[in-house]
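Student:
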Amino acid sequence: MVIPFGSLSRLEAAFSPGRKNLESSAAVRFSSNLGEYDLSIMAGEFQKDRVIGGDFAGSIGGTGLRGEFAYTWNDRGANFFRAILNADYSFANDYYAFIEFYFNGQGTTRKEKYPLFIADLLSGRIFNLAKHYAAASVIKSVTPLLGLNIYGLFNLNDRSSLIGPALTYSLATNLEISTSVYFFNGASDSEFGLQENSYFAYLQ
Numbered sequence: 272m273v274i275p276f277g278s279l280s281r282l283e284a285a286f287s288p289g290r291k292n293l294e295s296s297a298a299v300r301f302s303s304n305l306g307e308y309d310l311s312i313m314a315g316e317f318q319k320d321r322v323i324g325g326d327f328a329g330s331i332g333g334t335g336l337r338g339e340f341a342y343t344w345n346d347r348g349a350n351f352f353r354a355i356l357n358a359d360y361s362f363a364n365d366y367y368a369f370i371e372f373y374f375n376g377q378g379t380t381r382k383e384k385y386p387l388f389i390a391d392l393l394s395g396r397i398f399n400l401a402k403h404y405a406a407a408s409v410i411k412s413v414t415p416l417l418g419l420n421i422y423g424l425f426n427l428n429d430r431s432s433l434i435g436p437a438l439t440y441s442l443a444t445n446l447e448i449s450t451s452v453y454f455f456n457g458a459s460d461s462e463f464g465l466q467e468n469s470y471f472a473y474l475q
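Position 76 of the sequence shown, counted from 1, bears residue number 347 in this note's numbering, the numbering being contiguous throughout.
#1: Do residue 327 and residue 309 come within 8 Å of each other at the CB atom, strictly closer than that value?
#2: Could you please give me the residues that DSSP links to residue 413 through a beta bridge?
#3: For a test of the three-state rule: what should DSSP assign to residue 462, helix, strand or coil?
#4: Is the beta carbon of residue 296 less than 8 Å from the beta carbon of residue 280?
#5: For the beta strand (DSSP E) containing residue 389, name the first residue and the last one.
#6: State the CB to CB distance for the pair residue 455 and residue 467, rounded to an integer number of angstroms; the pair is presumed to be in contact (CB under 8 Å).
#7: Distance, Cα to Cα, residue 444 vs residue 336?
#8: Just to check my reading of the structure: residue 334 and residue 367 have Cβ atoms closer than 8 Å, yes? What is that Cβ distance to the nearest angstrom?
#9: Quick one: complete beta strand (DSSP E) runs, 3+ long, within the region 322-346?
#10: Assess, as a yes-or-no matter, whether the region 415-422 is touched by the region 384-393 under the definition of 3 or more beta carbon pairs within less than 8 Å.
#11: On the premise that residue 472 lies in contact with residue 439, defined as a C-beta separation below 8 Å, what is that separation, rounded to the nearest angstrom?
#12: Any idea what DSSP makes of residue 436, helix, strand or coil?
#13: When DSSP labels each residue in this structure, what does residue 386 get in the three-state scheme?
#14: Per the DSSP calculation, residue 401 is bridged to which residue(s)?
#15: I'd like to know whether the C-beta atoms of residue 378 and residue 350 end up nearer to each other than 8 Å.
#16: Kindly indicate which three-state DSSP category residue 294 falls into: helix, strand or coil?
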């Protein structure tokens with residue numbers, strides 16, 4: 272359900288019933304605009320988790336700025352805060368770059384505690400082990416048909432990282448081939464050091 276408030280603001284509500292009351296989900300979100308920024312706040316209950324949060328998007332001097340935050344709590348006492356802040360910029364000569372910082376309140380700053388989180392990671396309940404991350408990417412259009420992307424994800428707590436160069440080539444309209452590699456770096460007991468390098472190729 273969407274209720275407009277003028278041309279730039281609106282209230283959205285959604286409900287997803289479950290087989291039991293505790294399996295249902297409901298949320299409301301209010302979005303608006305303030306100057307050059309889009310803003311929103313939300314609140315909801317997703318199965319057994321209650322969440323409040325918000326986001327913003329805008330720009331300063333040609334640099335795009337975006338942020339998101341959410342606080343989650345439940346009856347199990349698993350309360351945590353998460354936040355993302357990123358910035359991007361398009362340079363001359365077809366370069367594009369972004370940098371992002373992520374705070375994961377579900378995680379830990381001590382890698383010796385990682386085994387306590389592995390089951391939740393494998394089940395998809397969590398997506399990261401540590402608390403503090405940074406990411407960056409540089410994209411270059413080498414030719415009108417060939418693109419190069421270098422991506423890095425860094426665990427700032429255990430100093431491990433993932434570096435992912437990728438090449439994309441346009442074969443035809445709406446058809447491209449992409450190849451990429453994930454190089455994992457870090458100590459053997461770190462988040463990314465635990466993993467082996469991966470290689471990918473796909474058509475889309």
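All residues carry an ideal CB built from backbone N, CA and C; glycine is no exception.
Tutor: Looking at the atomic coordinates:
#1: yes
#2: Residue 413 is not bridged to any residue.
#3: coil
#4: no
#5: Segment 389-394 is the alpha helix (DSSP H) holding residue 389; no beta strand (DSSP E) there.
#6: 7 Å
#7: 32 Å
#8: Not really, about 12 Å apart at Cβ, beyond 8 Å.
#9: 334-344
#10: no
#11: With a Cβ gap of about 11 Å, residue 439 and residue 472 do not count as contacting.
#12: strand
#13: helix
#14: 379
#15: no
#16: helix
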